[in-house]
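Chains as they are written, first to last, in my numbering: chain H, 722 to 1088; chain C, 722 to 1088; chain B, 722 to 1088.
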């Protein structure tokens, strides 16, 4: 039986001098011949490991850490009795260190696994990989160096460009188009029917769902994302756009280029966005609305209408962030406003009473 | 190598006269012998293609389109220098046109694929299809003409009716029941355990999860939907109900007939709905509440209590839409109300002061 | 052809005396020799079946039910013309009854199914099960008695402890760690890349995604959950925590021990929680915030900042529940407050006018 340590293994130890040379860093502190056994972030780093501290504000955490050495920026303050490796770009250096201790696993396998199913009419590009349990339907075309992981299901007529990576469990319905360098994480579904029904004699009848999904180059799609096909043509995701996990994009939607769409966003049918739009987590968009270039929407917002270029929106229903923040603040003051209203009423009642008295007196005088 | 055009191919060109005859349309404009090469929606249509314009309000877009011809309603205005095909039902005609140029891919394969796994005790109906990579457990029963796509996993004792379609990646836990003509899109999961725990000595212990999911006839379920089994019996989805992508339905829920449940809705345990209920996107329902027949709930609403027949609800917590709209409007006026309060206070202070003065004067007079 | 009854079958009938003896109950009512044919919850129970009534408040439903007998608490009132079986623990007894009539299906199969793919370098523990269509990558280690259902995809270097159960369609990316007795429901994805990008010359460039997911013992994860890998190290789920369906947990998150995280919650990057935290459905958490031990968050809340031990939070943006409830109540009174403001204004205007008049009179007097 193997060792049950529940640790991701590090492949090889090295001297601190070896690592410092590799990442072009300068060592500070007494540590000649120190052997480093791994690299880990500050909160996880153990004795013998090198860690990363990219900002002075983590100084206390550095001092409390058992790590053997710390990769820091050139201008980081000196820390007594700790070993520092000063570098120009701490993150880049730390990434190199991780790669050095724990080489990334990349399946080197190529070709079509014998436990994959590839239809006889499908065309697979050079140096591609089709993993075990993947199924590739009729007339599918897959470009060079594209990697189809185990258990991906690609339906008839789908076209995939070069250098794409499709993770396990992804389903691409018929006629899906992915251009080049598209990355799709596990369990996402592209091309299911749009949610379109007509009520006929008391029953919801599905309307035509004849379109497909078209994903342009350099798009990355997270895990568990669903993008429905267009009604007659394409639902389209623009070049360079990145989509986080569990996002729902309905039929006929057109996402622009270089958008960032965070987790659990829901975009209803026929919406469109310009370029460089940012939607934070759990945002919802009503159908048929358009967000112009550069619109930014805060988390959990509910968009009910079009937005102009560069607008920053917040709340449900969403309005301009600045006004929404003011309204959120005033909602917190509702108890105070209520109290104030009561006091005003009381004061006014008193005032009216005293006025009535003085008028009565005046009348009395007059009498 | 194949042509990399990232287009969904059209199979065959035809003359405009041929198409017009097929869709029973009358041609208007000079176009004798015009050859049409495809059909596409207005925003996508290219030279040589026929498009659809179902409403006069898109007249400007029609005029700007390079499409060769446009399917329009009989009463559409004439458009100079454009070719129209007038028909009774533009959508039905356009669907026919699409089918003509781009026949829908329907896998004609039948039978059990050799790369599927079907347990020896499972019974598969006539003219069914089990795709490669699908797995069918013990005692499963599948009706006639039901299509199980590649990579579907059906656990022991599940019963599926006739003419169902189960898309790739769907998982049906043990004892799931699907009646006839049920459609389930890719990646949905029916029958996982309900989220029920009891705290015992500081640890959450799972309660009994002995039930199953029962889906009545003509239900359609989107992609990435999760429906948990009942505790002791069925979680049930009523006949003709349609469920969009990424909906979560918890244990013991009873959904009525002909509901429409939009994307990303979450329904907590033991809720129930009547017939013809509509839940818009991202709605959440607290556990154990009932929505009567015909209730309609707006997007992102949070339901905390029962709703009467036909109620229209909005907001979180949800109340009647009409009142909620008024409250939303008043929230927008909170800055104004705050200002008004201050002004009232100032006016009142002034009034009090002047009254004090006049009383002081009166007292002075009296003195 | 088989019988199409769309019922989950009951395996065997038994006499009421037999069942009562089994569940240590005492029978009440005239029923000698009564044969029971199944067990079902109150709303589903048919003639001949035994049901459960755990609370007097369901007395009317009991009286209306066609069930043959009812398992009730010892102190339940007598019900004329109905047969009761009084027991100490009605739920435990009903679970026994269900098991008696409908034995739970547990696949007895062991070993590696010939239609699974297991890399030659993977190590599988004793008495484990790898179902058909599952794929196990290089250097994977799986502990004793762990059950990998059909169509699970486990990537290189993943380590799984003993007595785990991984349902169909789950994807574990490279280097995932699951300790002992972890349960993951169908379609969940652990280890996809975090959503981290840097804008370089107008394009979003992915930052390093070198970490993994570490799930401690006795964690249970629902269906369709996504948990992203850490940037450099682990995204970690603490011992005994339970996660419901469609929850999204981003990179570098640290969930404490014995949390309950309900359906459709979204937790942004680098958040952390203490022990015994409860998040209700559809809650969203902003990145980099910490919830201390015992924090409880209401459904659909949006957390924007840290929370102290035991805080109960509600709303979006979330504040203390007590204050939020007050503010929700005052929002409902906004129309009334608005009206009151107008009345105050009118009264004040009137008062000012009358004061001006009396001053004018006084001046008149003085003149």
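We put the beta carbon where it would ideally sit given N, CA and C, even for glycine.
query: Boundaries of the beta strand (DSSP E) in which residue 955/H is found, first to last residue; result: 955 to 958
query: Residue 1082/C burial status per 10 Å Cβ neighbour count (16 or more: buried); result: exposed
query: Beta-carbon contacts of residue 974/C that lie in its chain and below 6 Å, excluding the five residues immediately before and after; result: 956, 988, 992
query: Members of the stretch 805 to 819 of chain C near chain B, C-beta cut-off 9 Å; result: none
query: DSSP three-state assignment for residue 919/C, whether helix, strand or coil; result: strand
query: Limits of the unbroken alpha helix (DSSP H) element including residue 762/B; result: Element bounds for residue 762/B: n/a, residue is neither H nor E.
query: Segment contact flag, the stretch 895 to 912 of chain C with the stretch 926 to 939 of chain C, C-beta cutoff 8 Å, min 3 pairs; result: yes
query: Within chain C, partners of residue 965/B - CB distance below 7 Å; result: 916
query: For residue 667/B, the three-state DSSP class (helix, strand or coil); result: Outside the displayed range of chain B (722 to 1088) lies residue 667/B, so it cannot be described from this structure.
query: Within chain B, partners of residue 924/C - CB distance below 8 Å; result: 939, 961, 979
query: Per-residue burial, residue 920/C [other beta carbons within 10 Å of its own, 16 or more giving buried]; result: exposed
query: Beta-carbon spacing of residue 838/B, residue 856/B below 8 Å; result: yes
query: Secondary structure, beta strand (DSSP E): runs of 3+ residues fully inside the stretch 1031 to 1070 of chain C; result: 1033 to 1035
query: Exposed unless 16 or more other CB atoms sit within 10 angstroms - verdict on residue 1077/B; result: exposed
query: Backbone secondary structure at residue 875/B - three-state DSSP; result: strand
query: Sufficient close CB pairs (3 or more, under 8 Å) joining the stretch 809 to 822 of chain B to the stretch 780 to 789 of chain B; result: no
query: Reduced DSSP category for residue 747/H - H, G, I as helix; E, B as strand; rest coil; result: strand
query: Residue 869/H at chain C interface by Cβ criterion, 8 Å; result: no
query: Residues bridged to residue 901/C (per DSSP); result: Answer is none; residue 901/C lacks a bridge partner.
query: Buried or exposed (CB count within 10 angstroms, at least 16 for buried), residue 966/C; result: buried
query: Stretch-stretch touch, CB-based, cutoff 8 Å, three pairs: the stretch 760 to 778 of chain C with the stretch 792 to 801 of chain C; result: yes
query: Alpha-carbon spacing of residue 875/C relative to residue 737/B, whole angstroms; result: 35 Å
query: Any C-beta of chain B under 8 Å from that of residue 921/C; result: no
query: Interface flag, residue 1059/H vs chain B, CB-CB below 8 Å; result: yes
query: Contact list for residue 1069/B against chain C, beta-carbon separation under 8 Å; result: 1065, 1068, 1069, 1072
query: Neighbouring residues, chain B, relative to residue 874/C (Cβ below 8 Å); result: 854, 870, 871, 872, 889, 890, 907
query: Separation of residue 1052/C from residue 1059/B, as counted between CA atoms; result: 11 Å
query: Through-space distance from residue 1034/H to residue 1050/H, alpha-carbon basis; result: 16 Å
query: Counted within 10 angstroms of its Cβ, other Cβ atoms place residue 940/B as buried (16 or more) or exposed; result: buried
query: Presumed contact (8 Å Cβ cut-off) between residue 996/C and residue 1011/C, rounded CB distance; result: Contact flag wrong, Cβ pair sits at about 12 Å.
query: Beta-carbon gap between residue 885/C and residue 804/C smaller than 8 Å; result: no
query: Residue 972/B to residue 1009/B span [Cα, whole Å]; result: 11 Å
query: Helix, strand or coil at residue 779/C [DSSP, three-state]; result: helix
query: The stretch 876 to 883 of chain C / the stretch 844 to 864 of chain B touching (three or more Cβ pairs under 8 Å); result: no
query: Closer than 8 Å at the beta carbon, the chain B residues around residue 1007/C; result: 1020
query: Distance, residue 1068/H Cα to residue 1088/H Cα; result: Because residue 1088/H carries a pLDDT of 43, less than 50, the predicted location of this residue cannot be relied on, and the following value inherits that uncertainty. Rounded to the nearest angstrom, the two C-alpha atoms are 29 Å apart.
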